[in-house]
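Undergrad:
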Amino acid sequence: MIAELGHFALILALVMATVQTVVPLLGAHRSNTVLMEIGKPSAIAQFFAILFAFCALTNAYITSDFSVANVAENSHSLKPLLYKISGVWGNHEGSMVLWVLILALFGFTVAVFGKNLPPTLRARVLGIQGSIGVAFLAFVITTSNPFLRLNPAPLDGRDLNPLLQDPGLAFHPPMLYLGYVGFSITFSFAIAALIEGNIGPAWARWVRPWALLAWTSLTAGITLGSWWAYYELGWGGWWYWDPVENASFMPWLVGTAFLHSAIVVEKRDALKSWTILLAILAFTLSLMGTFLVRSGVLTSVHAFAVDPERGLFILAILAFFVGGAFILFAIRAPKMALGGLFQPISREGGLVMNNLLLSVATATVFLGTLYPLFLDATTGQKVSVGPPFFNATFIPIMIPLLLLMAIGPMLSWKQGDLASAMSRLWVAAICSGGLGILFWLLNSDKPFTPIIGFAIAGWLGGGALKELADRVLLFRIPLINSLLRARGLPRSAYGMTLAHLGIAIFVCGASADSAWRSEVVFNAKEKDQTEIAGFNLKLQKVDRLKGPNYESERAHILVTKGSKIIANLYPERRFYPVQQMLTTEATIYSTVMADLYATIGEGDKRKGWVLRIWYNPLIPWIWLGCLLMVLGGIISLTDRRLRIGAPEKRVRNYKTAELGAEHG
Amino acid sequence: MAKTIFVLPFLVFFGVVTYFIIPIVKKSDPKLLPSALIDKDVPENKLPPLFENKTGFDHEDLLGGETLVNFFSSWCGPCRVEHDILMKISEEKTIRLFGINYKDQTQAAIRWLDELGDPFEKIVADKDGRAAIDWGVYGVPETYLIDKEGKVRYRHVGPLTERVLEEKLMPIIQLLRNKKDE
Chain U
79 MIAELGHFAL ILALVMATVQ TVVPLLGAHR SNTVLMEIGK PSAIAQFFAI LFAFCALTNA
139 YITSDFSVAN VAENSHSLKP LLYKISGVWG NHEGSMVLWV LILALFGFTV AVFGKNLPPT
199 LRARVLGIQG SIGVAFLAFV ITTSNPFLRL NPAPLDGRDL NPLLQDPGLA FHPPMLYLGY
259 VGFSITFSFA IAALIEGNIG PAWARWVRPW ALLAWTSLTA GITLGSWWAY YELGWGGWWY
319 WDPVENASFM PWLVGTAFLH SAIVVEKRDA LKSWTILLAI LAFTLSLMGT FLVRSGVLTS
379 VHAFAVDPER GLFILAILAF FVGGAFILFA IRAPKMALGG LFQPISREGG LVMNNLLLSV
439 ATATVFLGTL YPLFLDATTG QKVSVGPPFF NATFIPIMIP LLLLMAIGPM LSWKQGDLAS
499 AMSRLWVAAI CSGGLGILFW LLNSDKPFTP IIGFAIAGWL GGGALKELAD RVLLFRIPLI
559 NSLLRARGLP RSAYGMTLAH LGIAIFVCGA SADSAWRSEV VFNAKEKDQT EIAGFNLKLQ
619 KVDRLKGPNY ESERAHILVT KGSKIIANLY PERRFYPVQQ MLTTEATIYS TVMADLYATI
679 GEGDKRKGWV LRIWYNPLIP WIWLGCLLMV LGGIISLTDR RLRIGAPEKR VRNYKTAELG
739 AEHG
Chain F
590 MAKTIFVLPF LVFFGVVTYF IIPIVKKSDP KLLPSALIDK DVPENKLPPL FENKTGFDHE
650 DLLGGETLVN FFSSWCGPCR VEHDILMKIS EEKTIRLFGI NYKDQTQAAI RWLDELGDPF
710 EKIVADKDGR AAIDWGVYGV PETYLIDKEG KVRYRHVGPL TERVLEEKLM PIIQLLRNKK
770 DE
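Just so you know, the protein sequences line up as chains U and F, in that order.
For what it's worth, the working numbering labels the leading residue of the first sequence as 79, then goes sequentially.
For what it's worth, the working numbering labels the leading residue of the second sequence as 590, then goes sequentially.
1. Start and end of the beta strand (DSSP E) containing F:Asp703?
2. The alpha helix (DSSP H) spanning U:Asn559 covers which residue range?
3. State buried or exposed for U:Met114, treating a residue as buried only when at least 16 other CB atoms are found within 10 Å of its CB.
4. Among U:Ala268, U:Ile269 and U:Ser155, which one has its Cα closest to the Cα of U:Arg236?
5. Which residues mark the beginning and the end of the alpha helix (DSSP H) in which U:Ala752 is found?
6. Counting beta carbon pairs with one atom in the stretch 529-547 of chain U and one in the stretch 509-516 of chain U, are three or more of them shorter than 8 Å?
7. Leaving out the 5 sequence neighbours to the left and right, which residues in its chain are closer than 8 Å to F:Thr644 when beta-carbon positions are compared?
8. Thinking C-beta only, is U:Leu238 closer than 8 Å to U:Lys157?
9. Report yes or no: is there a C-beta of chain F within less than 8 Å of the C-beta of U:Leu451?
10. Hey, is U:Ile405's beta-carbon within less than 8 Å of any beta-carbon in chain F?
11. Using the Cβ count rule (16 or more neighbours within 10 Å means buried), how would you classify F:Glu681?
12. Along the beta strand (DSSP E) that carries U:Asp548, what are the first and last residues, could you check?
13. Where does F:Trp724 land, buried or exposed, given buried means 16+ other C-beta within 10 angstroms?
14. From U:Thr756 to U:Gly679, what does the alpha carbon distance come to, in whole angstroms?
15. Taking U:Trp687 as the reference, give the member of U:Phe144, U:Ile635 and U:Pro698 with the closest Cα.
16. How should U:Lys345 be labelled, buried or exposed, when 16 other C-beta atoms within 10 angstroms of its C-beta is the threshold for buried?
17. Thinking just about the alpha-carbon of each residue, which of U:His170, U:Met476 and U:Phe184 is nearest to the one in U:Leu291?
18. Helix, strand or coil: which one does DSSP assign to U:Asp621?
19. Looking only at its own chain, which residues have a Cβ that is under 8 Å from the Cβ of U:Leu445, when we skip the five neighbours before and after it?
20. May I ask which residues mark the beginning and end of the beta strand (DSSP E) holding F:His745?
21. How many angstroms separate the CA atom of U:Ile583 from the CA atom of U:Pro245?
22. When burial is assigned at 16 or more other CB atoms within 10 Å of the CB, is U:Leu709 buried or exposed?
23. Using the beta-carbon count (16 or more within 10 Å), is F:Phe603 buried or exposed?
24. If we ignore side chains and look at the alpha-carbon of each, how far apart do F:Leu651 and U:Tyr258 end up?
25. Which residues, taken in chain order from the stretch 344-364 of chain U, show a beta carbon closer than 9 Å to some beta carbon of chain F?
26. How many angstroms separate the CA atom of F:Gly706 from the CA atom of F:Ile699?
27. Find the residues of chain F that neighbour U:Glu597, judging by a C-beta separation of less than 8 Å, and give them in chain order.
28. Tell me which residue opens and which closes the alpha helix (DSSP H) that U:Val93 is part of.
29. Per DSSP, F:Asp630 is paired with what?
30. Check for me: the beta strand (DSSP E) holding U:Ile635 runs from which residue to which?
31. I need the straight-line Cα distance from F:Ile762 to F:Leu734, nearest angstrom please.
32. Using the Cα positions of F:Glu738 and F:Leu765, report the straight-line distance between them to the nearest angstrom.
33. In chain U, what lies closer than 7 Å to F:Pro598 by C-beta?
34. Around the C-beta of U:Val379, are 16 or more other C-beta atoms found within 10 angstroms, so that it is buried, or is it exposed?
35. Suppose contacts are defined by Cβ-Cβ distances below 8 Å. Is U:Ala357 in contact with U:Thr264 by that definition?
36. Quick check: the Cα distance between U:Leu615 and U:Glu604, rounded to an integer number of angstroms?
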């Protein structure tokens with residue numbers, strides 16, 4: 079019964095979404111306030127209807143209602159509760175419900191928190207957001223209904239793929255969707271602005287909180303996914319340039335570019351059509367990601383069950399929205415007034431470079447990901463492009479970007495002075511040289527390339543900190559005054575510093591891991607031991623255990639250094655009888671400086687077991703760096719200027735306010 | 590002129606979408622990944638030998654007999670899985686077996702071969718993975734069957750298994766050998 083109610087709720091949501099599309103757009107066109115206001119309640123109703131459907135599906139999973147086909151195919155009565163819940167989005171149909179739920183959530187936030195938006199803009203944003211909802215709800219209801227019943231119901235379910243039964247992956251899709259579906263709202267803002275033919279600093283400020291929210295969630299989502307791959311796949315690696323990873327990475331790159339170019343629109347009223355283009359592109363790439371993952375046109379280890387019919391449907395949605403958006407762009411963008419002019423060497427110039435490099439990087443990833451498809455379609459040849467291509471092309475584009483990241487914030491708006499900016503960066507130069515030399519001395523016998531990474535990271539980190547120090551005039555005025563100035567700085571300034579520092583730390587982690595990891599593989603009987611990176615590892619014993627829905631062999635490895643006991647590691651090898659699948663559960667001992675990572679392979683008491691131990695230096699820095707980026711996003715999100723209302727007044731005061739800011 | 594630039598995004602997008610439709614309509618299966626090099630000469634790369642005191646090989650050394658070329662790494666889990674098969678091929682002298690050590694540290698690779706045994710007649714090291722790009726390697730392990738004229742005849746992605754060897758590779762090897770007899 080509840081499942082049927084869920085199904086009806088989805089249909090109700092489709093009706094609500096239709097109302098949300100048609101009425102406010104019409105109202106905005108006719109300047110009819112009453113019609114425009116309908117957007118709000120319909121967006122809220124649509125959200126709650128989908129939420130109800132989502133809860134109904136979750137309920138079916140928790141109660142193991144195997145008369146629902148989707149539950150029977152993806153769950154099992156013995157599965158732990160957490161994975162019963164995460165099983166809801168561990169399959170195509172359920173994940174699409176989550177997709178539309180988040181889509182509606184963003185419409186809901188505009189309806190509820192968008193009080194400071196001009197009514198016509200809000201009506202149009204809600205209308206566009208509603209229309210995306212109509213398309214995807216129609217997709218869910220017609221091709222991917224999660225509430226279909228089975229008759230007779232099976233006694234038990236087929237269980238979720240054991241690889242997906244993991245806490246990291248339980249939260250990865252919701253975060254990722256929050257990010258990539260989140261770009262729908264920036265898309266809606268961009269289309270609304272194109273319809274109105276009016277975009278300016280106020281628009282950039284309105285769209286910023288939603289863009290930040292989407293970007294922050296996407297960063298967190300990608301990080302969780304990478305972390306999962308790291309410890310669950312048991313290879314000791316953390317990024318594979320897999321098409322599905324790329325599908326989430328491309329919107330991130332474009333989204334990052336968008337966040338930066340929107341600053342130029344906000345502060346200087348320039349780069350307007352470019353910013354709109356980026357907003358459209360970010361969502362285009364998100365939709366394309368959804369399409370690639372679900373249509374099966376590309377090979378990936380992550381791909382969902384392949385269904386060409388669904389693929390065509392999503393492609394039609396993609397073609398309609400993006401094609402329409404680009405046509406509108408072609409008509410309206412040339413008519414937009416040119417904004418403020420600026421010299422090549424200026425803050426704007428730096429942000430333009432940032433945008434160019436990020437766009438080229440995106441294009442590289444795009445080509446690498448889709449080249450097999452293009453080649454197959456034109457010549458019938460089949461190839462695949464692997465990590466060597468991406469490492470050889472993507473990293474060289476990133477290096478100038480990272481170098482620029484320290485310089486850009488030092489330049490002033492309109493016309494910057496490169497010489498003075500560089501002279502202010504002496505701290506960065508020292509950090510860069512210092513970090514480079516330090517790591518070279520520590521690892522002089524190892525490959526040289528990571529040293530470059532460390533030097534760049536030092537430059538970037540030092541630059542980010544120096545920029546903050548300059549803002550509060552640290553050591554130039556009494557410390558107490560500096561602290562007062564620090565309190566007065568906008569939160570977005572801290573957000574930027576944190577995010578840039580995060581990148582620096584991430585670069586350290588990635589560089590160290592790419593070249594300095596060491597590995598020991600040995601066949602161990604109980605009480606055998608080995609050495610790695612100064613640690614002694616001894617296999618104490620191997621136990622057979624029984625989990626809720628699996629059986630496992632668990633090793634106990636004692637890690638010592640000298641005479642000190644450092645840690646106990648318990649790597650496992652699990653067998654899931656329902657899916658007839660083996661998984662390795664790696665165990666990781668993490669310190670700030672490195673991970674000790676162990677897995678257990680096949681074996682028995684007589685022959686011994688194959689143990690693989692990795693020593694991965696600075697891997698935790700990768701996660702720490704990403705965490706700082708997320709934190710930077712969250713802190714920026716709490717910036718006063720994004721929360722405070724009365725944007726109308728701000729528009730009027732824009733000129734004087736900006737002048738003040740420039741001299742400040 | 591300035592205006593036409595704004596139409597560009599639409600045109601590019603239109604082109605991309607067309608390419609998306611083709612595979613769906615053709616119903617091609619992306620999981621089949623035969624090499625782009627099938628029936629073509631192997632790429633010419635000069636790679637250094639893995640062991641300093643042994644010789645490596647290049648494309649000319651592949652002439653004159655059928656060879657399996659296996660990309661492997663000490664850091665790669667599935668490579669370990671297929672190692673027994675490689676050892677078996679080497680022990681039974683089924684076919685000449687060469688190795689390309691992919692993006693690996695020399696010491697790690699040598700230790701790996703010490704531990705598990707060295708099935709390869711000759712091994713070269715592709716330290717930065719550039720040669721792998723020319724071969725079209727997606728990820729290790731991958732195995733290429735080369736005929737006596739130095740042309741790629743078959744590519745296997747992922748670990749070799751008993752079944753792959755018997756059902757896929759052996760028939761082609763037999764075919765190539767029979768041709769030689771004629």
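From the three backbone atoms N, C-alpha and C, an ideal C-beta is built for every residue, glycine too.
This one's a predicted model, so the numbers in the text were calculated from it and none came from an experiment.
TA: To lay it out plainly:
1. Run containing F:Asp703: none in the beta strand (DSSP E); it sits in the alpha helix (DSSP H), Thr695 to Leu705.
2. Leu557 to Gly566
3. buried
4. U:Ser155
5. Only positions 79 to 742 of chain U appear in this structure, which leaves residue 752 of chain U out of reach.
6. Yes, the stretch 509-516 of chain U is in contact with the stretch 529-547 of chain U.
7. Pro638 and Lys711
8. If you check the CB distance, U:Lys157 and U:Leu238 come in under 8 Å.
9. yes
10. yes
11. exposed
12. Premise fails: U:Asp548 lies in the alpha helix (DSSP H), Thr527 to Arg549, not in any beta strand (DSSP E).
13. buried
14. There is simply no residue 756 of chain U to check, as chain U begins at 79 and stops at 742 in what is shown.
15. U:Ile635
16. buried
17. Residue nearest to U:Leu291 within the set U:His170, U:Met476 and U:Phe184 is U:Phe184 (criterion: CA-CA distance).
18. Taken through DSSP and simplified to helix, strand or coil, U:Asp621 comes out as strand.
19. none
20. Where F:His745 is concerned, the enclosing beta strand (DSSP E) stretches over Val741 to Val746.
21. 25 Å
22. buried
23. Burial check for F:Phe603: the Cβ neighbour count within 10 Å stays below 16, so the residue is exposed.
24. Using only the alpha carbons, I get a separation of about 49 Å.
25. Those residues of the stretch 344-364 of chain U placed with their C-beta closer than 9 Å to a C-beta in chain F are Ser351, Leu355, Ile358, Leu359 and Thr362, ordered along the chain.
26. 10 Å
27. Ser663, Trp664 and Ala697
28. Ile80 to Arg108
29. In DSSP, F:Asp630 forms a bridge with F:Lys740.
30. Glu629 to Lys639
31. 8 Å
32. 11 Å
33. Leu355, Phe404 and Phe407
34. Confidence at U:Val379 is low in this model, with a pLDDT of 45, below 50, so the placement of that residue should be treated as unreliable; the coordinate-derived value is given next. The residue in question, U:Val379, is exposed, as its Cβ has fewer than 16 Cβ neighbours within 10 Å.
35. yes
36. Between U:Leu615 and U:Glu604, the C-alpha separation is close to 12 Å.
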